[in-house]
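Working notes for the structure below.
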Amino acid sequence: MPLIHNPNWAISSSGESISLFQSQQSLKSPLLFIGGVHGDEPEGVELAEKLINWINVSANPYELKDWALIPCINPDGYKKNQRVNGNEVDLNRNYPSKNWKPIKAGTKKRYNPGPHPGSEPEIKSLVKLIQDIQPLIIIHFHSWEPCIVVTGEPGLKFATPLSESSGYKIIPTIGYDTPGGLSQYAWHDLKIPVICIEEQEHIDLDKVWPNFKDGLIKILQKDF
Ligand SMILES: [Zn+2]
Numbered sequence: 004m005p006l007i008h009n010p011n012w013a014i015s016s017s018g019e020s021i022s023l024f025q026s027q028q029s030l031k032s033p034l035l036f037i038g039g040v041h042g043d044e045p046e047g048v049e050l051a052e053k054l055i056n057w058i059n060v061s062a063n064p065y066e067l068k069d070w071a072l073i074p075c076i077n078p079d080g081y082k083k084n085q086r087v088n089g090n091e092v093d094l095n096r097n098y099p100s101k102n103w104k105p106i107k108a109g110t111k112k113r114y115n116p117g118p119h120p121g122s123e124p125e126i127k128s129l130v131k132l133i134q135d136i137q138p139l140i141i142i143h144f145h146s147w148e149p150c151i152v153v154t155g156e157p158g159l160k161f162a163t164p165l166s167e168s169s170g171y172k173i174i175p176t177i178g179y180d181t182p183g184g185l186s187q188y189a190w191h192d193l194k195i196p197v198i199c200i201e202e203q204e205h206i207d208l209d210k211v212w213p214n215f216k217d218g219l220i221k222i223l224q225k226d227f
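Take a look at the structure:
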């Protein structure tokens, strides 16, 4: 079974191990899936874990595109059920994008971008991974109001099956600025399209995988 698991791929700001799974050692234009960016959004970790379980148990690996998957990039926050990491930084504002902005006086702590772009160990590891594997697309799993945010026109093809399986609308922007966010860094700076899945927050976790299963399986197929 060609599936590689590196349980100590990266170390969080509080010293927790971060797992990386990938389809094989040298990846060709993989899909990159990221769960648990915000520690208080367990729906995303649930979706990532169910996806890796499906790949491991039910998939024919020879029918799938290359992929890489991080079930929980923010284990510090996940353990405490808090959005930010162990340094109280919002990882989705800490990417070294051209539009990264320092925190303004009075800004809510939940959007703390960190002391400088790419300051956090979780983001440093992710940036190196993105540069190494050059993903075809990056899909990260969140929860808020249900929607599928696509940044970069090539991402629309992948978003369509996800929208069809979940019934959630595709939208081109989340509606507010996200300086230092993944969509800014990957699409605007590197031209790698990004999909942000927003599951309904506080939904019964048993419903998350059925919502996205068919769409995720479809986009993973080699012939899609
Ligand atoms: Zn989130």
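Those letters in the sequence shown? Residues 4 to 227, by my numbering.
Backbone N, C-alpha and C define an ideal beta-carbon position, used for all residues, glycine too.
Which residues in the same chain as residue i place their Cβ atom closer than 7 Å to its Cβ, once the five residues preceding and following it in sequence are excluded?
i      : result
LEU54  : PHE36, LEU72 and LEU219
ILE206 : GLU46
GLU91  : LYS112 and ASN115
TYR171 : PRO149, CYS150 and ILE151
ASN59  : LEU6
Since residue i and residue j are thought to touch, with beta carbons under 8 Å apart, how far apart are those beta carbons, to the nearest angstrom?
i      : j      : result
GLU123 : ASN97  : 5 Å
ALA62  : ILE141 : That belief does not hold up - the Cβ atoms of ALA62 and ILE141 are roughly 20 Å apart, past 8 Å.
VAL40  : ASN77  : 6 Å
ASN102 : GLU125 : With 8 Å as the limit, ASN102 and GLU125 do not qualify as a contact, their Cβ atoms being about 20 Å apart.
PRO164 : LYS221 : 4 Å
GLN137 : SER26  : 15 Å between Cβ atoms; not a contact.
PRO74  : SER22  : 6 Å
SER100 : GLY178 : With a Cβ gap of about 18 Å, SER100 and GLY178 do not count as contacting.
SER128 : ALA51  : Actually they do not touch by this definition, with Cβ atoms about 16 Å apart.
Does any heavy atom of ligand 1 sit closer than 7 Å to the C-beta of residue i?
i      : result
VAL197 : no
HIS205 : no
GLU91  : no
GLU46  : no
HIS119 : no
VAL153 : no
HIS145 : yes
VAL130 : no
VAL40  : yes
From the DSSP secondary-structure annotation, give me the bridge partner or partners of residue i.
i      : result
VAL197 : ILE141 and THR154
ASN97  : Bridge partners of ASN97: none, in fact.
LEU165 : BP columns for LEU165 are empty, so no partner.
GLY38  : PHE144
GLU44  : DSSP output for GLU44 lists no bridge partner at all.
With a threshold of 8 Å on Cβ separation, who are the neighbours of residue i within its own chain once the five nearest residues in sequence on each side are excluded?
i      : result
THR2   : There is simply no residue 2 to check, as the chain begins at 4 and stops at 227 in what is shown.
GLN224 : GLU66, LEU67 and LYS68
LYS82  : GLU19 and GLY42
GLU148 : GLU201, GLN203 and GLU204
Leaving aside the five residues before and after residue i along the sequence, list all residues of the same chain whose C-beta is less than 6 Å from its C-beta, in chain order.
i      : result
PHE24  : HIS8, ILE55 and LEU72
THR154 : SER186, TRP190 and VAL197
Could you check whether the segment 39-59 touches the segment 191-202, counting it as contact only if at least three pairs of C-beta atoms, one from each stretch, sit closer than 8 Å? yes
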